[in-house]
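Encoded as structure tokens, the structure appears first; notes follow it.
There are 2 protein chains.
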Amino acid sequence: MSEVSTVTERWVPQTPREEIVLSTLTAMRAFSDAMDRMHTGIRGEMEMNASDLAALRMVIVREQRGEWVSPHDIAVHLGISTASTTKLLDRLTESGHVERRPHPHDRRARIVVITDAARAEFFRHFAQRMTRMRAAMDSFSDDELGSITRFFGEMGLALQE
Amino acid sequence: MSEVSTVTERWVPQTPREEIVLSTLTAMRAFSDAMDRMHTGIRGEMEMNASDLAALRMVIVREQRGEWVSPHDIAVHLGISTASTTKLLDRLTESGHVERRPHPHDRRARIVVITDAARAEFFRHFAQRMTRMRAAMDSFSDDELGSITRFFGEMGLALQE
DNA sequence: CCTTTTTGCTAGCTAAACTAGCAATGTCCT
DNA sequence: AGGACATTGCTAGTTTAGCTAGCAAAAAGG
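As you go down the protein sequences, you meet chains A and B in turn.
Numbering follows this note's numbering, in which position 1 of the first sequence is assigned residue number -10; successive positions increment by one, without gaps.
Numbering follows this note's numbering, in which position 55 of the second sequence is assigned residue number 44; successive positions increment by one, without gaps.
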């Protein structure tokens, strides 16, 4: 793999396998682009700014994993300062989307909890897209969906350092 | 499927198939979360703000599809006004990441073209993550990657209304 | 041909980011 | 245990990047 090809990803695949891998990577970026557009749509519908919604989505994902989220975690995830995060949480608290709770073991820290109303609102806006996605999944076998789920997991691991 | 379950996605799947579909949807959100974090990382490394980088990524994806991108397209994709987009393009032009070219058939319009330097810079920062992702793909067969590529395509279609 | 729509821009205003610095708490080291 | 150092989340004040309003030029449509 030459320097140029690594940098620009503009080479002609040399083997069938390379071609397949490249197709997958390209499709992944296109999918990511589509997800961005979806998030833009939901953010318009929910009348929220981009980072407030991104924070909300992050809290939902972490909650599903049974993890706690601190203001610091949000700052790192979004790449903004803790000061900006304080204001972000002020907005989300004011609007009733999240609550700040004391951290059970660290009296400096807080944990951020999404309210039931906010979770319901998010999934309500997500619902119509999710319905179409579920429909699209009908054309995939159980085994295929299994591979796809595993793929998402592996990519997630590959991306966390 | 009850009202509540649709809204909050907090039901216990009734069939094995439902369970598989739900796992895939959950994995997809987690993956999207990981991608967000990756974009945050790249944006830190490239010292760009979130929307400028999002615009750059969008232009790269569209370019790969052989599509032209107008300032208006960027505004719609990011959910910002055309006025903000003008300033965004001023920044990206100033920093040498994009160029505004005249639209060949519409003398009001512009097309936004990414510079070779910017593309190379983006893929340079993307490269290390991509290497890990490529490595993770080794554990998937050609058929699996084929299904995954098709899945990304189908989800993309499902999301564009 | 004349009206309406679209495109991208400028100007001026508002919202949301930043840096700096702080008090409270936790962690580490000897 | 005690002191130095790190971490957490906050306030205050500044800068950046978003918004609305409105415009000229070009395209589209009657």
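Yeah, the Cβ is synthetic: ideal placement off N, Cα and C, and Gly gets one too.
- In summary, the residues of the region 60 to 93 of chain B whose CB is separated from some CB of chain A by less than 7 Å are H66, L67, G68, in the order they occur in the chain.
- Counting the other Cβ atoms within 10 Å of the Cβ of G145(A) gives 16 or more, which makes it buried.
- Within chain B, the residues G68 have their CB atoms less than 7 Å from the CB of G33(A), given in chain order.
- In summary, E8(B) is exposed, with fewer than 16 beta-carbon neighbours lying within 10 Å of its beta-carbon over all protein chains present.
- Distance from the CA atom of M119(B) to the CA atom of R46(A), rounded to whole angstroms, is 24 Å.
- Between I100(B) and R90(B), the C-beta gap is smaller than 7 Å, which places the two residues in contact.
- When only Cα atoms are considered, S21(B) and M24(A) end up about 8 Å apart.
- Judged by DSSP in its simplified three-state form, E56(B) adopts coil rather than helix or strand.
- Taking 7 Å as the cut-off, the Cβ atoms of M27(A) and L148(B) count as close.
- At least one CB atom of chain B sits nearer than 7 Å to the CB of M24(A).
- Taking every protein chain shown into account, the CB of V1(B) has fewer than 16 other CB atoms within 10 angstroms, so this residue is exposed.
- Here V50(A) is not near V58(A), since their CB atoms are 7 Å or more apart.
- Taking a C-beta distance under 7 Å as the contact criterion, S136(B) and S136(A) qualify as a contact pair.
- For the 7 Å CB-CB criterion, T74(A) and I63(A) form a contact.
- A direct Cα-to-Cα measurement between P5(B) and F140(A) gives close to 20 Å.
- P5, R6, I9, V10, S12, T13, L14, T15, A16, M17, R18, A19, F20: these are the residues of the region 1 to 20 of chain A whose beta carbon lies less than 9 Å from some beta carbon of chain B, given in chain order.
- At least one C-beta of chain A is nearer than 7 Å to the C-beta of D131(B).
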